[in-house]
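Trainee: Just so we're aligned, residue 411 is where the sequence shown starts under the working numbering, counting upward by one.
The beta carbon of each residue, even a glycine, is placed where N, CA and C say it ideally should be.
Bear in mind that the values here come from a model prediction, so they are computed numbers and not experimental data.
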Amino acid sequence: MKNALTDLLGIEHPIIQGGMMAISGAELVAAVSNAGGLGVLGQKGNSPDTLPAWREEIRKTKALTDKPFAVNLPIHVPFIAEALDVIFEEEVQVVATAAGNPLPVLPQLKAHGVTVMHVIPSVKMARRVADAGVDVIVAEGGESGGMIARDRVSTMVLVPMVVDAVKIPVVAAGGIADARGLLAALALGAQGVQMGTRFLVTKECTASDDHKEAILRAQDTDTRVVPIGRANARMLKEELHPQAMAGQIGGMITSVETAGEVIERMTAAIKSEFNRMATML
Ligand SMILES: Cc1cc2nc3c(=O)[nH]c(=O)nc-3n(C[C@H](O)[C@H](O)[C@H](O)COP(=O)(O)O)c2cc1C
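See the structure below:
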């Protein structure tokens, strides 16, 4: 698979592993990147004290892979200037900004030649950040795991509208875990997918076994949206796990695989899924 997104990021498959705080560490990121996707290293925490460990994690990732990878920069962290210093000092090539307005940090990132992907939950935000000069838009629907936007526009609705609204590559996120989801995203006009929940349930992800097993047990209806401060998070229902984030697509996931197996299975099945569709046209 080759398109403007894979060319821009220098990756083989248009599959991105979304940043997931400390549980998307060096092993997961390197496994995804080594399998031809793009791993995204999460933040270690919300305190500036976590920055030295984060820098170590970036170095560890570089030691584990020669392939492109990204780091996640939630805009709301209270140590954004220091985090940018680490990014520039460690010569990180791709930054996945999220959870806020990237406009104040964009000039600095672009001045250092960093490719910027930004996660948005609405067409309005997509237009604003595309006009400001981000390179890639990740359109994340409300079925996603993790922090989600108040209006919870679904991936199916959001992606084609964002594709129509901007001229840069769009990545679909939220509710994708297999080749059918990847194909659907491409059909909606996206150039790739970002998955969180599917990559959480992998051997390399450092989420707890309890968290992974709860997702394996989850059905499609087993998540809830919980207010956290002024934001919302999609989490598993309390009876499955008291405090674990997961997307609705957790209902589809039935085994813990390696990140490489996830990517291999998706890319191996995409042609047969496409042919199945073609017979109906
Ligand atoms: C447990 C968990 C933690 C997450 N943490 C972050 C995060 O720190 N930063 C971020 O940008 N997105 C975060 N996300 C969102 C993912 O990067 C991704 O966009 C999302 O999971 C896609 O939806 P899916 O779960 O349906 O695949 C998180 C998702 C999950 C499931």
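Candidates Gly-555, Gly-657, Gly-606 and Thr-633: which alpha carbon is nearest Glu-648's?
Mentor: Answer by Cα proximity: Thr-633.
Trainee: Check the DSSP bridge columns for Asn-482 and list the partner residues they point to.
Mentor: Looking at the DSSP assignment, Asn-482 forms a beta bridge with Ala-506.
Trainee: Mapping the DSSP letters down to three states, classify Thr-460 as helix, strand or coil.
Mentor: In the structure shown, Thr-460 sits in a helix (DSSP, three-state: H, G or I).
Trainee: Among the residues of its own chain, which have a CB less than 6 Å from the CB of Thr-616, if the five just before and after it don't count?
Mentor: These residues qualify, in order along the chain: Ile-433 and Gly-435.
Trainee: What residue range is occupied by the uninterrupted alpha helix (DSSP H) comprising Arg-627?
Mentor: 619-627 is the span of the alpha helix (DSSP H), which, as asked, contains Arg-627.
Trainee: Thinking C-alpha only, which one of Gly-660, Ala-654, Gly-452 and Lys-613 is nearest Glu-667?
Mentor: Of the candidates Gly-660, Ala-654, Gly-452 and Lys-613, the one whose C-alpha sits nearest the C-alpha of Glu-667 is Lys-613.
Trainee: Is Leu-610 near ligand 1, judged by its Cβ being under 7 Å from some heavy atom?
Mentor: At least one heavy atom of ligand 1 is nearer than 7 Å to the Cβ of Leu-610, so yes.
Trainee: Compute the Euclidean distance between the alpha carbons of Gln-518 and Thr-631, then round it to the nearest angstrom.
Mentor: Straight-line Cα distance between these residues: approximately 42 Å.
Trainee: What separation, rounded to the nearest whole angstrom, lies between the Cα atoms of Ala-678 and Gly-446?
Mentor: The alpha-carbon atoms of Ala-678 and Gly-446 are separated by roughly 13 Å.
Trainee: Comparing alpha-carbon positions, which option in Ala-549, Met-535 and Leu-494 lies nearest Gly-523?
Mentor: Of the candidates Ala-549, Met-535 and Leu-494, the one whose C-alpha sits nearest the C-alpha of Gly-523 is Leu-494.
Trainee: Please find out if some non-hydrogen atom of ligand 1 comes closer than 7 Å to the beta-carbon of Thr-607.
Mentor: Thr-607: yes, Cβ under 7 Å from ligand 1.
Trainee: So what does Thr-633 bridge to, in DSSP terms?
Mentor: Thr-633 is bridged to Leu-646.
Trainee: For Lys-622 and Ala-575, I'd like the C-alpha separation in whole angstroms.
Mentor: Each residue's alpha carbon lies about 37 Å from the other.
Trainee: Any heavy atom of ligand 1 closer than 7 Å to the beta-carbon of Asn-456?
Mentor: No; taking the cut-off as 7 Å, the Cβ of Asn-456 has no heavy atom of ligand 1 nearer than that.
Trainee: For the structure I just gave you, are there three or more beta carbon pairs, one from the segment 589-599 and one from the segment 554-562, closer than 8 Å?
Mentor: No, the segment 589-599 is not in contact with the segment 554-562.
Trainee: Would you report the Cα separation of Ala-536 and Ile-578, rounded to the nearest angstrom?
Mentor: So the two alpha carbons sit approximately 10 Å from each other.
Trainee: May I ask you to check if the CB of Gly-449 is nearer than 7 Å to at least one heavy atom of ligand 1?
Mentor: No, since every heavy atom of ligand 1 falls outside the 7 Å radius drawn around the Cβ of Gly-449.
Trainee: In its own chain, which residues sit with a C-beta less than 6 Å from the C-beta of Val-636, not counting the 5 before and 5 after it?
Mentor: Here the set comprises Ala-643 and Met-645.
Trainee: Tell me the DSSP bridge mates of Val-603?
Mentor: DSSP lists Ile-425 and Ala-582 as partners of Val-603.
Trainee: Go through its chain and collect everything with a Cβ distance to Gly-543's Cβ below 7 Å, but skip five positions before and after it.
Mentor: Taken in chain order, the residues that qualify are Leu-516 and Lys-520.
Trainee: Confirm the yes/no value for this check: CB of Ser-554, any heavy atom of ligand 2, distance under 7 Å.
Mentor: The ligand content of the structure shown is limited to ligand 1, which means ligand 2 is not among them.
Trainee: Which residue from Gly-556, Ala-583 and Ala-624 puts its Cα closest to that of Ala-641?
Mentor: Among Gly-556, Ala-583 and Ala-624, the Cα nearest to that of Ala-641 belongs to Gly-556.
Trainee: Rounded to the nearest angstrom, what separates Leu-513 and Gly-551 at their Cα positions?
Mentor: Distance between the alpha carbons of Leu-513 and Gly-551: 21 Å.
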